[in-house]
Amino acid sequence: MGEFVSVEIADHIATIRVDRPKLNALNRQVQEEIAEAARLVDADPEVHAVIIYGGERSFAAGADIKEMAGMSYAEMAVRSRSLQDCFTAVARVGKPVIAAITGYALGGGCELALCADFRVAGESAKLGQPEITLGIIPGAGGTQRLPRLVGPAKAKDLIFTGRHVDAAEALAIGLVDRVVPDVEVYTAALELAATFAQGPVAAVRAAKQAIDQGLETDLDTGLEIERLQFSGLFATDDAREGMTAFTEKRRPKFTGH
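Here it is, written out as structure tokens:
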């Protein structure tokens with residue numbers, strides 16, 4: 333669909349593939365193409381789960397430093413809003429999103445992976461937020477999504493030092509959810525996506541929204557978000573099918589309606 337980002341859909345699973353030689357540096361064009369792909373798969377009723385994949389060599393090595401180096405404060409003050417919006421488009425996909433991480437996921441690449449619901453990494457993967465070594469800080473969500481995932485102390489360690497972590501450490505601190513041999517990364521992501529592909533789409537979307545929105549507010553407000561999402565599902569065919577199938581002791585046949 334774009335010069336560097338494509339979308340392939342099969343068996344209700346969409347793969348957003350980033351392919352910008354050599355290491356998928358995320359320049360402005362790639363960022364905008366990723367956002368466009370995210371909006372496309374979110375709106376497509378045939379897509380029930382999404383994989384973000386950078387190929388066998390690298391997930392994404394970070395932002396294009398050459399592109400940013402000459403920018404002034406005034407220019408970046410404007411550009412940074414668009415940068416965050418591109419990544420937020422991925423985080424707001426109302427379907428399970430899986431980052432299939434090979435090689436490097438650094439800087440903007442790590443921030444892109446943080447926008448996914450799950451992260452599957454190859455054994456040789458390297459993740460990190462090295463922006464501090466350039467005299468700047470993460471600007472596409474790293475200071476916000478990383479501490480929410482791994483806790484503030486671990487996030488400060490990675491952001492203050494700019495160090496890279498290997499797949500084993502990333503798994504230990506909760507930065508990734510599963511580590512597999514490098515050649516199995518995409519297959520493992522597909523297997524995980526397949527567990528959602530035949531499920532009740534509306535219920536999964538509601539669960540994702542309740543969790544994500546609830547984490548940003550107090551408990552009482554979160555419970556109200558949950559109550560409204562829970563109640564709303566009783567208007568769906570899938571809820572009726574799911575409960576009917578339970579009483580009839582058979583597997584439900586969800587239609588996404």
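Per our numbering, residue 333 is the first one in the sequence shown, and the count goes up by one each step. For glycine and all other residues, C-beta sits at the position ideal for the given N, C-alpha and C.
Query, Result
"Cβ contact (3+ pairs, closer than 8 Å) linking the segment 343-351 and the segment 409-419", "no"
"Contact check, V508 vs K427, beta carbons under 9 Å", "no"
"Contact between the segment 548-567 and the segment 430-443 (3+ Cβ pairs under 8 Å)", "no"
"Run of the alpha helix (DSSP H) containing L524, from where it starts to where it stops", "V517 to A529"
"Alpha helix (DSSP H) runs wholly inside the segment 341-384, at least 4 long, in chain order", "360-375"
"L415, buried or exposed, once every other Cβ within 10 Å from all chains shown has been counted against 16", "buried"
"For F586, the three-state DSSP class (helix, strand or coil)", "coil"
"C-alpha gap between E573 and S563, whole angstroms", "16 Å"
"Cβ pair count under 8 Å reaching 3, the segment 336-347 against the segment 364-382", "yes"
"Where the beta strand (DSSP E) through F450 begins and ends", "F450 to G454"
"Cα-Cα separation between A406 and G471, rounded to whole angstroms", "15 Å"
"Buried versus exposed call for R477 [16 or more other C-beta atoms within 10 Å across all chains shown]", "buried"
"Short Cβ contact (9 Å threshold) for G506 with L547", "no"
"Cutoff 6 Å; reference A499; Cβ partners in own chain excluding five residues on either side", "A453, E455, A457 and V511"
"Sequence-distant residues of the same chain with beta carbon closer than 6 Å to R389, five excluded per side", "G435"
"Per DSSP, the bridge partner or partners of S338", "R349"
"For V517 and I384, believed in contact at Cβ under 8 Å, the rounded distance", "That pair is no contact at about 12 Å."
"Sheet register partners of K458 (DSSP bridge)", "Y436 and D498"
"Identity of the residue in G483, A437, R495 and P479 nearest I464 by Cα", "R495"
"Beta-carbon proximity check, L446 vs A393, cutoff 9 Å", "no"
"Close Cβ partners of I430 (< 8 Å) along its chain, the five nearest in sequence each way excluded", "A381, V382, I383, I384, A448, D449, F450, R451, V452, A521, L524 and A525"
"Best match in E335, V339, L459 and A370 for proximity to Q361 [C-alpha to C-alpha]", "E335"
"Contact set for A535: own chain, Cβ-Cβ below 6 Å, skip 5 residues either direction", "L565"
"Selection from A567, N359, P479 and T549 that minimises the alpha carbon distance to I397", "N359"
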